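Visitor: Chains as they are written, first to last, in the numbering used here: chain A, 1 to 203; chain B, 1001 to 1203; chain C, 2001 to 2203; chain D, 3001 to 3203. Can you keep this structure in mind? I'll have questions shortly.
4 protein chains.
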Amino acid sequence: MKKTLPEELVAKRTRILDAAARVFAEKGFHATTVRDVAQAAGVADGTIYNYFENKGGLLLGLIDPMSRGARGQVDPAALEGLSLRDFVQVHLLGPLKLFEADDFELFRVIVSELMVNRELRALFREHVLTPMTGLAEEAFGRWAEANGVPTPRAALTVRVLSSLVFGVILQRVMGDDLLTENWEALPGALADLLVGGLGGEAT
Amino acid sequence: MKKTLPEELVAKRTRILDAAARVFAEKGFHATTVRDVAQAAGVADGTIYNYFENKGGLLLGLIDPMSRGARGQVDPAALEGLSLRDFVQVHLLGPLKLFEADDFELFRVIVSELMVNRELRALFREHVLTPMTGLAEEAFGRWAEANGVPTPRAALTVRVLSSLVFGVILQRVMGDDLLTENWEALPGALADLLVGGLGGEAT
Amino acid sequence: MKKTLPEELVAKRTRILDAAARVFAEKGFHATTVRDVAQAAGVADGTIYNYFENKGGLLLGLIDPMSRGARGQVDPAALEGLSLRDFVQVHLLGPLKLFEADDFELFRVIVSELMVNRELRALFREHVLTPMTGLAEEAFGRWAEANGVPTPRAALTVRVLSSLVFGVILQRVMGDDLLTENWEALPGALADLLVGGLGGEAT
Amino acid sequence: MKKTLPEELVAKRTRILDAAARVFAEKGFHATTVRDVAQAAGVADGTIYNYFENKGGLLLGLIDPMSRGARGQVDPAALEGLSLRDFVQVHLLGPLKLFEADDFELFRVIVSELMVNRELRALFREHVLTPMTGLAEEAFGRWAEANGVPTPRAALTVRVLSSLVFGVILQRVMGDDLLTENWEALPGALADLLVGGLGGEAT
DNA sequence: AATGAATGAGTCTTCATTCAT
DNA sequence: CATGAATGAAGACTCATTCAT
């Protein structure tokens, strides 16, 4: 057994990635030096480059775990029995939780770079956005069929949900106090509003 | 004694700011050098610093015109006669148009920096977000009163609208084809969905 | 007069170039850091880049003065009266002197990079080699005509001369003691040998 | 006890050296990384250091085979019967062929480093230049004696030959078209010129 | 002997900012 | 106020070399 066990390498890669997430979240991508990441990961500067093409690669590397997080969020089977309102709430809750972990600091960094970095954008779209939307559409279709409800604009509906999620996080990150204070109740309230309509009487 | 007329100075400031907006939109904030801006504005590098504290000041300077744009969007008087659906649509349309100008390129840059730059964030909140939300809440209140409709959660409703706007732009900027293709019809469709609710039958 | 006088800039450029020549000659191109050059020139690191594209540009910049040196070496008018032997000697002497200045240290560096740097090679060929060879051919032609001598292979003859020059310098630079010791007498001896032929009795 | 046969080690050393020659010739010495050589040789990076002191050692290692090539070029016995012109031509041809192999690419690299690397220079002088010159002088002496010809300046004559060889290669490497096109005929023409003299009538 | 991951010193280059003219 | 040359701190990245396995 001559080779360094791949597991160790994977572990180190992960350690670097974790460090990167931490430091990026704290200081932002541009304000973070490669050395910052290296020190946070407890490796030498050059070691970073054994695992990632360049500094930007660290960011790209952050996407993949995120996509796994996104995928794991939904359990299609469990959804069929839900009411529309609960169905919606679940789909709001999932993504909301995904970034809540570190108080949305990583969200900040990722979005910041997404806006400006085409490659990252493509990767994010491919690995996170498209799967998420796809799963949601599928789930929605299945749910609708199971409940004998017509779904005239499933695709649009799903976009509304995801847009709402992003928009809400964005506003919260921007420092909207009302959202911050009512964060816990938000998914429910939003679900009510969406299902019942602005004009109507929600639960 | 010929003192340079302030107007001229204001004009030059504006010229620099326009140049900055243009170049930032094209290359992003970090990828743009002060020299890029200077050249685009037709002034010397050093001149920039006669009008702005530093590079970041250019960004801050971009906020103010934007706030005027935001404010000008709504005409409270004209809103009262509208149906709820149309009221909503108008409030979606305005902000959507605000950034559409240069194909959302400036939106990209601003959001990118907002995520990461506390000072810019505060300024943006103060000059753009808060006024916008405030105006919308006020308009909504006035509309509700005029139409004898109760508004149990005006604040939340307004957040839903603005979140939706941000989220939708975000997703479009991310490259969502469905949104891009149906962009024109989007405000109407969203208004329908919001007013009628997911469960219901829209107009 | 607002502008920095171009003369000053040219002077500074020259100062940097001189410094580069000095430092390169001493340590070689690769072993020299840009900072070495900057310090030798008494400017800041960054200033170098106001005058040259990059480190390699310093090398390219060294070519041009050299070409002027090469050109100035010959005075066509004075050549016509010479004997063939003296004509040859003059043409050996010129280039030999060109690099003798700093004990061939710069020759070392230039040749070292010429061997490996295509761009430098092209520039050197265009600005130094071709003009030199051209001038020599022309001078040789004029001399031959003036002296009623046929020149069956002027081009080849000129190559032989220049090759000999380069080869001789090369071998001296390589540390050939015999050449070093007899350096002063060399042009004459070579001229004798070339004109009279290996077999024969020189003038 | 199975000890690795020295032959195998020598073979691997040779393989590494061949790889080095190939890669150096292609990319130049400085532009080549030790890893490049290792990969070209099919070994691990670290293995290189079991056979060579350091990267420079690879270059030094290239000299030795070259010296063998240089030595093998001449067969003293066969030379005695030649005419002076043919004797000269043979001595031009040999070294010319030595580097022709890979289109002078290796010549480029070696000369490039020779110019700048004292240690390499010493080694090259000792193992290649001095033997070559010595052999040639010896051969020339023997030939002169055998043909009853006085050799007043054997040493200088030999230098002229080797200088011419180096100079001609140098100019060809520099991109002299005339030399490139007439390469095959060159040794003959040079021999004619040298033996007959510039003034005279060649064979 | 072979491996190849880790190291970290070393360099080029960029660019925001200053300030003498 | 305008200019733009000078500055020099800062940082990404490379790569020869080492050494534990």
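Every residue, glycine too, gets a C-beta built ideally from N, C-alpha and C. This one's a predicted model, so the numbers in the text were calculated from it and none came from an experiment.
So within the segment 3101-3137 of chain D, which uninterrupted alpha helix (DSSP H) runs reach at least 4 residues, ignoring any that extend past its ends?
Guide: 3105-3114, 3118-3124, all fully within the segment 3101-3137 of chain D.
Visitor: Out of A1041(B), T1130(B), I1169(B), G1056(B), which one is the CA nearest neighbour of L1098(B)?
Guide: Reading the second sequence from its first residue, position 98 is the one you call residue 1098(B). Closest by alpha carbon: I1169(B).
Visitor: Check distances from the C-beta atoms of the segment 97-108 of chain A to those of chain B and list, in chain order, the residues that come in under 7 angstroms.
Guide: Under the 7 angstroms Cβ criterion, the segment 97-108 of chain A contributes R108.
Visitor: Closer than 7 angstroms by C-beta to H91(A): which residues in its own chain qualify, once you throw out the five before and the five after it? Chain order, please.
Guide: Counted from its first residue, the first sequence places residue 91(A) at position 91. Counting only Cβ-Cβ distances below 7 angstroms, and skipping sequence neighbours, we find A136, L161.
Visitor: In the DSSP assignment, find the alpha helix (DSSP H) that holds G3167(D) and state where it starts and stops.
Guide: Numbered from 1 along the fourth sequence, position 167 holds the residue referred to as residue 3167(D). Taken as a continuous stretch (DSSP letters only), the alpha helix (DSSP H) holding G3167(D) covers 3154-3173.
Visitor: Which residue comes first and which comes last in the alpha helix (DSSP H) that contains N182(A)?
Guide: Within the first sequence, numbered from 1, the residue matching residue 182(A) stands at position 182. No alpha helix (DSSP H) holds N182(A); DSSP gives it neither H nor E.
Visitor: Which residues in chain B have a C-beta closer than 8 angstroms to the C-beta of T157(A)? List them in chain order.
Guide: Here the question's residue 157(A) lines up with position 157 in the first sequence. Within chain B, the residues near T157(A) are L1193, L1198.
Visitor: What is the C-beta distance between R13(A) and Y51(A), in whole angstroms, given that I count them as a contact (C-beta under 8 angstroms)?
Guide: The sequence position of residue 13(A) within the first sequence is 13, counting from 1. The sequence position of residue 51(A) within the first sequence is 51, counting from 1. Going by Cβ atoms, the distance from R13(A) to Y51(A) rounds to 5 angstroms, so yes, they are a contact pair.
Visitor: Measure the beta-carbon distance from L2198(C) to L3093(D) and round it to whole angstroms, keeping in mind my assumption that it falls under 8 angstroms.
Guide: Position 198 of the third sequence, counting from 1, holds the residue named residue 2198(C). Position 93 of the fourth sequence, counting from 1, holds the residue named residue 3093(D). Not quite, the Cβ-Cβ distance comes to about 16 angstroms (not below 8 angstroms), so this is no contact.
Visitor: Roughly how many whole angstroms lie between the Cα atoms of F2029(C) and G3188(D)?
Guide: By 1-based counting over the third sequence, the position of residue 2029(C) is 29. By 1-based counting over the fourth sequence, the position of residue 3188(D) is 188. Taking the straight line from one Cα to the other gives about 38 angstroms.
Visitor: Look at the Cβ atom of M2066(C), then the Cβ atom of V3111(D), and state whether they are nearer than 7 angstroms.
Guide: As a first step, residue 2066(C) is located in the third sequence; it is residue number 66 there, counting from the start. As a first step, residue 3111(D) is located in the fourth sequence; it is residue number 111 there, counting from the start. No, the Cβ-Cβ distance between M2066(C) and V3111(D) is not below 7 angstroms.
Visitor: Using 7 angstroms as the limit for Cβ to Cβ distance, is Q2171(C) near chain D?
Guide: Here residue 2171(C) is taken as the residue at index 171 of the third sequence, counted from 1. Q2171(C) counts as touching chain D.
Visitor: Quick one: Cα of L120(A) to Cα of G2134(C), how far?
Guide: Counting from one through the first sequence, the residue named residue 120(A) turns up at place 120. Counting from one through the third sequence, the residue named residue 2134(C) turns up at place 134. Approximately 56 angstroms between the Cα atoms of the pair.
Visitor: Whose CA, out of E145(A), V37(A), L17(A), K27(A), lies closest to the CA of R1118(B)?
Guide: Reading the second sequence from its first residue, position 118 is the one you call residue 1118(B). The option with the nearest alpha carbon to R1118(B) is K27(A).
Visitor: Within 10 angstroms of its Cβ, does E126(A) collect 16 or more other Cβ (buried), or is it exposed?
Guide: By 1-based counting over the first sequence, the position of residue 126(A) is 126. Counting Cβ neighbours within 10 Å, E126(A) comes out exposed, since fewer than 16 surround it.
Visitor: From which residue to which residue does the alpha helix (DSSP H) around L2017(C) run?
Guide: Translated into the one-based positions of the third sequence, residue 2017(C) becomes position 17. 2006-2027 is the span of the alpha helix (DSSP H), which, as asked, contains L2017(C).
Visitor: Taking only beta-carbon positions, decide if G2175(C) is within less than 7 angstroms of chain D.
Guide: For the purposes of this step, residue 2175(C) is taken as the residue at position 175 of the third sequence. Taking Cβ atoms only, chain D reaches closer than 7 angstroms to G2175(C), which makes this a yes.
Visitor: Rounding to the nearest angstrom, what Cα-Cα distance links A44(A) and L3017(D) in this structure?
Guide: Locating residue 44(A) in the first sequence gives position 44, counting from the first residue. Locating residue 3017(D) in the fourth sequence gives position 17, counting from the first residue. Taking the straight line from one Cα to the other gives about 32 angstroms.
Visitor: Is it true that the CB of L3079(D) sits closer than 7 angstroms to the CB of L2164(C)?
Guide: Your numbering for residue 2164(C) matches position 164 in the third sequence. Your numbering for residue 3079(D) matches position 79 in the fourth sequence. Result no, Cβ atoms of L2164(C) and L3079(D) do not sit closer than 7 angstroms.
Visitor: If contact means a Cβ-Cβ distance below 7 angstroms, which residues of the segment 2022-2035 of chain C contact chain D?
Guide: Result list: G2028, H2030.
Visitor: Pull up the CB-CB distance for A25(A) and V88(A), whole angstroms please, since I reckon it's below 8 angstroms.
Guide: Position 25 of the first sequence, counted from the start, is the residue given in the question as residue 25(A). Position 88 of the first sequence, counted from the start, is the residue given in the question as residue 88(A). Rounded, the Cβ-Cβ distance is 29 angstroms, inconsistent with contact.
Visitor: Under the three-state reduction of DSSP, which class applies to P65(A): helix, strand or coil?
Guide: Within the first sequence, numbered from 1, the residue matching residue 65(A) stands at position 65. In this structure, P65(A) counts as helix in the three-state DSSP scheme.
Visitor: Who are the neighbours of R2125(C) on chain D, taking C-beta pairs under 7 angstroms?
Guide: To locate residue 2125(C), count along the third sequence from 1; it is residue 125. Under the 7 angstroms cutoff, chain D gives M3174, G3175.
Visitor: What separation, rounded to the nearest whole angstrom, lies between the Cα atoms of T203(A) and D86(A)?
Guide: Along the first sequence, one-based indexing puts residue 203(A) at 203. Along the first sequence, one-based indexing puts residue 86(A) at 86. Residue placement at T203(A) cannot be trusted, given a pLDDT of 35 that sits under 50; what the coordinates show is reported in the next sentence. Straight-line Cα distance between these residues: approximately 11 angstroms.
Visitor: Please report the residue range of the alpha helix (DSSP H) in which T47(A) lies.
Guide: Working through the first sequence from its first residue, we reach residue 47(A) at position 47. Start and end: 45-51.
Visitor: L220(A) to R35(A), Cα distance in whole Å?
Guide: Not covered by the structure: residue 220(A). The range shown for chain A is 1 to 203.
Visitor: In chain C, what lies closer than 8 angstroms to P3178(D) by C-beta?
Guide: Position 178 of the fourth sequence holds residue 3178(D). Note on residue identity: the sequence assigns Leu, not Pro, to residue 3178(D). Neighbours of L3178(D) on chain C, chain order: A2155, L2156, R2159.
Visitor: Kindly indicate which residue of A2011(C), E2113(C), E2105(C), L2005(C) has the alpha-carbon position closest to the one of G1984(C).
Guide: In this structure chain C extends from 2001 to 2203, so residue 1984(C) is not present and cannot be described.
Visitor: Any Cβ of chain A within less than 7 angstroms of the Cβ of T1203(B)?
Guide: If you number the second sequence from 1, residue 1203(B) lands on position 203. Any reading at T1203(B) is ruled out, since the residue's pLDDT is 35, under 50, leaving its predicted position unreliable.
Visitor: DSSP on P1150(B), reduced to helix/strand/coil?
Guide: For the purposes of this step, residue 1150(B) is identified with residue 150 of the second sequence, where counting begins at 1. The answer is coil: DSSP assigns P1150(B) none of H, G, I, E or B.
Visitor: Check for me: the alpha helix (DSSP H) holding A3041(D) runs from which residue to which?
Guide: By one-based count along the fourth sequence, residue 3041(D) stands at place 41. Start and end: 3034-3041.
Visitor: Quick check on the burial criterion: 16 or more other C-beta atoms within 10 angstroms. Buried or exposed for L5(A)?
Guide: As a position in the first sequence, residue 5(A) is number 5, starting the count at 1. Classification for L5(A): exposed.
Visitor: Can you list, in chain order, the residues of its chain whose CB lies under 8 angstroms from that of N1182(B), leaving out five sequence neighbours each side?
Guide: Mapped onto the second sequence, residue 1182(B) falls at position 182. Excluding sequence neighbours, N1182(B) sits near A1189.
Visitor: In three-state DSSP terms, what is E2145(C)?
Guide: Residue 2145(C) sits at position 145 when you count from the first residue of the third sequence. E2145(C): helix per DSSP, three-state reduction.
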